[in-house]
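S.K.: Residue numbers (the numbering used here): 1 to 205.
Each residue gets a CB set at the ideal place from its N, CA and C atoms; glycine is no exception.
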């Protein structure tokens with residue numbers, strides 16, 4: 001069933017409302033938001049609503065993309081990995097990638113959670129905000145390294161109990177920075193995968 005839905009798990013609107021409590025949009029600035037796998041567009045629309053934003057999305061599934069067009073300013077139909085999107089053009093990157101393992105070009109298997117993060121990172125401006133929604137157990141060592149190397153002020157938040165029991169989702173927030181010449185500590189982030197109870201609840205944001 002997961003494959004039929006293309007790994008699609010739309011973000012719960014109550015948890016989006018909690019995330020919004022931790023975001024301060026700049027006054028007098030029109031901000032650009034990007035969701036590279038926007039589904040039907042509800043999550044990004046909720047973030048953009050009333051905050052002087054332009055919301056852009058990309059969606060592979062045609063029926064969901066058509067629905068997203070009714071909610072977002074512009075939607076690209078098709079695969080994000082074959083799309084042309086301006087670099088460093090977005091103030092906020094909302095990323096809730098499909099929870100799938102897929103074949104890569106070399107014949108091996110790769111996780112979409114990592115691939116979407118790597119491929120979409122360049123579109124977020126320096127100083128822009130990442131909201132990365134994944135199951136806590138997908139915070140693998142390589143993903144933690146990418147996050148720590150490219151983001152400042154990283155925080156991790158567990159979805160509310162009902163949602164967390166179903167999908168084990170967390171939200172990672174961070175501000176994009178220039179990569180450091182020296183490796184930053186990623187162990188504190190990796191430790192959350194073995195101790196999800198230590199992750200603060202979104203209600204505390």
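Please go through the stretch 35-121 and give each complete alpha helix (DSSP H) segment of 4 or more residues, from N-terminal end onward.
M.R.: 42-48, 62-69, 112-120
S.K.: Measure the alpha-carbon distance for residue 4 versus residue 59 and round it to whole angstroms.
M.R.: Residue mapping note: residue 4 aligns to position 4 of the chain shown, counting from 1. Residue mapping note: residue 59 aligns to position 59 of the chain shown, counting from 1. Low confidence applies to residue 4: its pLDDT is 41, below 50, so where it sits in the model is not reliable enough to give any reading.
S.K.: Three or more beta-carbon pairs under 8 Å between the stretch 166-175 and the stretch 74-90, yes or no?
M.R.: They do not touch, by the three-pair rule.
S.K.: In chain order, which alpha helix (DSSP H) runs of at least 4 residues are fully inside the stretch 121-157?
M.R.: 141-150
S.K.: Taking 7 Å as the limit between beta carbons, can you name the residues of its chain near residue 21, skipping five residues before and five after?
M.R.: Along the chain shown, one-based indexing puts residue 21 at 21. If we look at residue 21 and ignore the five residues flanking it on each side, its Cβ neighbours are 205.
S.K.: Just curious, the alpha helix (DSSP H) that residue 175 is in, first and last residue?
M.R.: The residue you call residue 175 lines up with position 175 of the chain shown. From DSSP, residue 175 is part of no alpha helix (DSSP H) but of the beta strand (DSSP E) over 169-176.
S.K.: In terms of DSSP beta bridges, what is residue 33 paired with?
M.R.: Numbered from its first residue, the chain shown carries residue 33 at position 33. Residue pairing of residue 33 in beta bridges, as defined by DSSP: 55, 92.
S.K.: Which residue marks the beginning of the alpha helix (DSSP H) containing residue 182, and which one marks its end?
M.R.: For the purposes of this step, residue 182 is taken as the residue at position 182 of the chain shown. For residue 182, there is no enclosing alpha helix (DSSP H), since its DSSP letter is neither H nor E.
S.K.: Kindly give me the distance between the Cβ atoms of residue 92 and residue 31, rounded to whole angstroms, as I take these residues to be in contact under 8 Å.
M.R.: Working through the chain shown from its first residue, we reach residue 92 at position 92. Working through the chain shown from its first residue, we reach residue 31 at position 31. Yes, they are in contact, since the Cβ atoms of residue 92 and residue 31 sit about 6 Å apart, within 8 Å.
S.K.: Quick check on the burial criterion: 16 or more other C-beta atoms within 10 angstroms. Buried or exposed for residue 134?
M.R.: Here the question's residue 134 lines up with position 134 in the chain shown. Classification of residue 134: buried, given that the 10 Å Cβ count is 16 or more.
S.K.: Given this structure, state the Cα-to-Cα distance separating residue 126 from residue 88, to the nearest angstrom.
M.R.: In the chain shown, counting from the first residue as 1, residue 126 sits at position 126. In the chain shown, counting from the first residue as 1, residue 88 sits at position 88. Rounded to whole angstroms, residue 126 to residue 88 spans 7 Å at the Cα level.
S.K.: My guess is that residue 148 and residue 197 are in contact by the Cβ rule of under 8 Å, so how many angstroms apart are they, rounded?
M.R.: Looking up residue 148 in the chain shown gives position 148. Looking up residue 197 in the chain shown gives position 197. The pair is not a contact, with the Cβ atoms about 22 Å apart (cut-off 8 Å).
S.K.: May I ask which residues mark the beginning and end of the alpha helix (DSSP H) holding residue 15?
M.R.: Numbered from its first residue, the chain shown carries residue 15 at position 15. Note, residue 15: alpha helix (DSSP H), 13-20.
S.K.: For residue 25, which residues of its own chain have a beta-carbon under 8 Å away from its beta-carbon, when the five flanking residues on both sides are left out?
M.R.: Within the chain shown, the letter at position 25 stands for residue 25. Around residue 25: 31, 51, 52, 53.
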